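Asks: Just dropping this structure here.
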Amino acid sequence: MITQEVRVGIVQFTSDRGLPPQRLAPLIEAAGFASYFVPEHGHIPTRRDAAHPGTGTAELPDDRYLRTLDPWTTLAAAAAVTERIELATAVALPVQADPITLAKTIATVDHLSGGRVTLGVGFGWNLDELADHGVPAGRRRTMLREYLESMRALWRDEEAQYDGEFVSFGPSWAWPKPPGAVPVLVGAGGTDKNFTWIAKNADGWITTPQDRGITDAARRLAEVWRDHGRDGAPRIVALDGRPDRDRLARWGEAGVTDVLYPAVDSDEAAAGEYLRRLADTVAPADA
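Okay, so the sequence shown: first residue is 77 according to the numbering used here, each after it adds one.
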């Protein structure tokens, strides 16, 4: 079992060619990891103007962008075969769905899993994908805020209602209610603009593969958090590649609460062996 202050989880770039969640998630739990994160891309327009943040062009670094599994079906499958691990998105794109229907879906997975869902969201780098869902590029932050506010109302209030620019519904009943507040994390670059949005609207930050200087960024987010009157500390989930105990310790001291490593999902044997080796590597030396 992994025992340390910084929680360690696994992120799988799901696809129709990878190990399915009902086979991978139990291996993650058995190896002692804390969480299972999955992404979302409903579709990728073949003709695009939006640059990928990693390549800087319309070229995609991985064809799994075209083949990504639906995150909530994936997490429901994982919930059915696990008991402990957190089930989360890194990241989902709520503004591409109907907020009332999405709130029901998330609440249902959270209910069935015993309150293990965390909603990681993004603003959406692929403006062409957003456009096909009728999302105005210049208003996607406002739209996401309204989606989160309206879904929280449906999860929380006996008679929920919301009146915004993009979401509006009158007094309504909606069950199941999540057993607790669904945590919301924002996957975005480590900028003051994004940190301010997080401090106003969310519970924490998920780094991006392009982020560097995570130690300094984590400390900066804590400052912005306090400046906006938030109690406690934000949750900070850092994406990592090659594990290093010293780096984990530095990140933990700076306020990073979780670190995610990519899954090996070619087959069950390879996934299990990788997870066992990774667990040994990231475990504290005195564990």
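Quick reminder that beta carbons are idealized off the backbone N, C-alpha and C, glycines included.
Only a predicted model underlies this, so the values are computations on that prediction, with no experimental measurement involved.
1) Below 7 angstroms CB to CB, which residues in the same chain sit around Y350 once its five sequence neighbours on both sides are set aside?
2) Specify the secondary structure class of S226 as computed by DSSP and reduced to three states.
3) Counting Cβ pairs closer than 8 angstroms, one from the stretch 140-153 and one from the stretch 226-242, do we hit at least three?
4) Counting pairs of beta carbons, one from the stretch 202-217 and one from the stretch 246-260, are three or more of them closer than 8 angstroms?
5) Go through the stretch 296-363 residue by residue and report every complete run of the beta strand (DSSP E) that reaches 3 residues or more, in order.
6) Measuring CA to CA, which of H128, L163, P170 is closest to I104?
7) Drop a sphere of 10 angstroms on the beta-carbon of P247, count the other beta-carbons inside from all chains shown, and report buried for 16 or more, exposed for fewer.
8) Only counting runs of 4 or more residues, tell me where the alpha helix (DSSP H) segments fall wholly within the stretch 187-246, in order along the chain.
9) Could you check which residue in R124, I161, H119, T133 has the C-alpha nearest to that of Y141?
10) Count the other CB atoms, across all protein chains shown, that sit within 10 Å of the CB of H117; report buried if there are 16 or more and exposed otherwise.
11) With a threshold of 16 other CB atoms inside 10 Å of the CB of T283, please say whether the residue is buried or exposed.
12) Can you round the beta-carbon distance between V260 and L224 to whole angstroms, since I take them to be within the 8 angstroms contact cut?
13) CA-CA distance, D356 and T184?
14) Just to confirm, is the Cβ distance from V157 to V197 under 8 angstroms?
15) I think A154 touches V87, with their Cβ atoms under 8 angstroms apart; what is that distance to the nearest whole Å?
16) So L151 is in the alpha helix (DSSP H); what residue range does that whole segment cover?
17) Report the rounded CA-to-CA distance for V110 versus T218, giving the unit in angstroms.
18) Please list the terminal residues of the continuous beta strand (DSSP E) segment that includes W281.
19) Applying the criterion that 16 or more other CB atoms from any shown protein chain within 10 Å of the CB defines a buried residue, is A347 buried or exposed?
20) Does R160 pass the burial test, meaning 16 or more other C-beta atoms within 10 Å, or should it be called exposed?
Replies: By the coordinates alone:
1) V340, listed in sequence order.
2) Here S226 sits in helix by DSSP.
3) Because the criterion of three Cβ pairs below 8 angstroms is not met, the stretch 140-153 and the stretch 226-242 do not touch.
4) By the Cβ criterion, the stretch 202-217 is not in contact with the stretch 246-260, since fewer than three pairs of Cβ atoms, one from each stretch, lie closer than 8 angstroms.
5) Those beta strand (DSSP E) runs which fall completely within the stretch 296-363 and span 3+ residues are 311-315, 334-338.
6) The shortest C-alpha separation from I104 is found at L163.
7) By the 16-neighbour rule on beta-carbons within 10 angstroms, P247 is exposed.
8) Within the stretch 187-246, the complete alpha helix (DSSP H) runs of at least 4 residues fall at 203-207, 216-232.
9) Of the listed residues, the one whose Cα sits closest to Y141 is H119.
10) When all chains shown are included, H117 counts as buried.
11) Buried is the call here.
12) L224 and V260 do touch by the CB rule: their CB atoms are close to 6 angstroms apart, below 8 angstroms.
13) A direct Cα-to-Cα measurement between D356 and T184 gives close to 35 angstroms.
14) Their beta carbons are not under 8 angstroms apart, which means V157 does not touch V197 by this criterion.
15) Between A154 and V87, the beta carbon gap of about 13 angstroms keeps them out of contact (Cβ cut-off 8 angstroms).
16) Element bounds for L151: 147-156.
17) Before going further, note that residue 110 is Ala rather than Val in the sequence given. Distance from the CA of A110 to the CA of T218, rounded to the nearest whole angstrom, comes to 32 angstroms.
18) Its beta strand (DSSP E) spans residues 280-282.
19) Under this definition A347 is a buried residue.
20) The residue is exposed, with fewer than 16 neighbouring Cβ atoms inside 10 Å.
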